[in-house]
Every structure is written in structure tokens, then in C-alpha cells.
Amino acid sequence: MQFGLDKFFGINQQALKIHSRRSEVLAGNLANADTPGYKARDIDFKATLQQLKGEMGAGALRTTNPRHISSTGAMAGNNVDAVLGEMKYRIPSQPSLDGNTVDALKEKAAFMENALLYQTNLQFLGGKIKHLKAALKGE
Numbered sequence: 697m698q699f700g701l702d703k704f705f706g707i708n709q710q711a712l713k714i715h716s717r718r719s720e721v722l723a724g725n726l727a728n729a730d731t732p733g734y735k736a737r738d739i740d741f742k743a744t745l746q747q748l749k750g751e752m753g754a755g756a757l758r759t760t761n762p763r764h765i766s767s768t769g770a771m772a773g774n775n776v777d778a779v780l781g782e783m784k785y786r787i788p789s790q791p792s793l794d795g796n797t798v799d800a801l802k803e804k805a806a807f808m809e810n811a812l813l814y815q816t817n818l819q820f821l822g823g824k825i826k827h828l829k830a831a832l833k834g835e
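If you count by the numbering used here, then the sequence shown holds residues 697 to 835, one letter each, in order.
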């Protein structure tokens, strides 16, 4: 029986990548808060994660040659990068006269929320690794 770490960790590793990329986008928004004409962007975490879940659960591809690339493992990371390319622009509640749509308070709140979710996901994965190590040691 094979043991796959991808199945053991589940969607959490993709969620960490999404949180990491979202942090970069939100930091970019904050950095450009005074740039005229800058449009604030964001990643819809729930929609992105649902799309990744759908792609992961779509089933494995059948390979007819041993040199074919498998549909699991190494390819899973590339799916995250492809999905993250689809960023959305924020709808401003009070657009500025220079066309900038960054609301610093909303961006800071979104950044902090994302950081907390990232940290929570790391703690969850740490617990899974701790249980896996205990199982390997026979405790």
C-alpha cells in the first residue's frame, strides 16, 4: 500500500500558496496607496480554493507510457499558479479624485485577516506532521 503525502496533507499546501500570493497582492496594494490611477486587486480565496478542489478531484489521468507525466504530485503545484493568475479588481467604496481605488484601512484589515489564516493553516499542518512523526516512531 502506497502512502501519499499529498493525500495526507490534503488541500492545505495549496491553501498556503494562495494565502502567500494573496499577501503579496495586498502588500502591493498598500505600497501603491498613493499612486495615481492604481487599481486595488485581490484574490478571491474561496473561489480559488473551490476551483483547485475541483481540479484535484477530477480523477487521475491514464498514462500509456512510463515516460508520461503523472497527474498527481509535481503537477499539483502548477495548478495553483495557473489559478492565481486570475485576480480581481476591488470595487471602491470611495474612489479618490486621482483614480486610485486603494482603501488603506480595508487593505490592512484584509492583510491581517490573511496573515491570521496563514498562521492557522501552518499550525494545522504542524499538528499533522507531529502526528505523522509519532506514528512513524510507534508512539
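Note that the Cβ used here is the ideal one computed from N, Cα and C, for glycine as well.
Predicted model only: the values in this text are computed from it and were never measured.
query: Whose CA, out of 718, 819, 713, 724, lies closest to the CA of residue 740?
result: Position 44 of the sequence shown, counted from the start, is the residue given in the question as residue 740. Closest option to residue 740, Cα to Cα, is 718.
Q. Given that a residue counts as buried once 16 or more other Cβ atoms are within 10 Å of its Cβ, and exposed if not, what is residue 799?
A. Position 103 of the sequence shown, counted from the first residue, corresponds to residue 799. Buried, since its Cβ has 16 or more Cβ neighbours within 10 Å.
| Is there contact between the segment 720 to 735 and the segment 699 to 711, where contact requires at least three CB pairs shorter than 8 Å? | No, because fewer than three Cβ pairs between the segment 720 to 735 and the segment 699 to 711 fall closer than 8 Å, the two stretches do not touch.
- Beta-carbon proximity check, residue 817 vs residue 722, cutoff 9 Å: Indexing the sequence shown from 1 puts residue 817 at position 121. Indexing the sequence shown from 1 puts residue 722 at position 26. Not a contact, by the Cβ cut-off of 9 Å.
Our contact map puts residue 736 next to residue 786 with C-beta atoms below 8 Å; I'd like the distance itself, whole angstroms only. Working through the sequence shown from its first residue, we reach residue 736 at position 40. Working through the sequence shown from its first residue, we reach residue 786 at position 90. Taking 8 Å as the upper bound for CB-CB distance, residue 736 and residue 786 are in contact here, some 4 Å apart.
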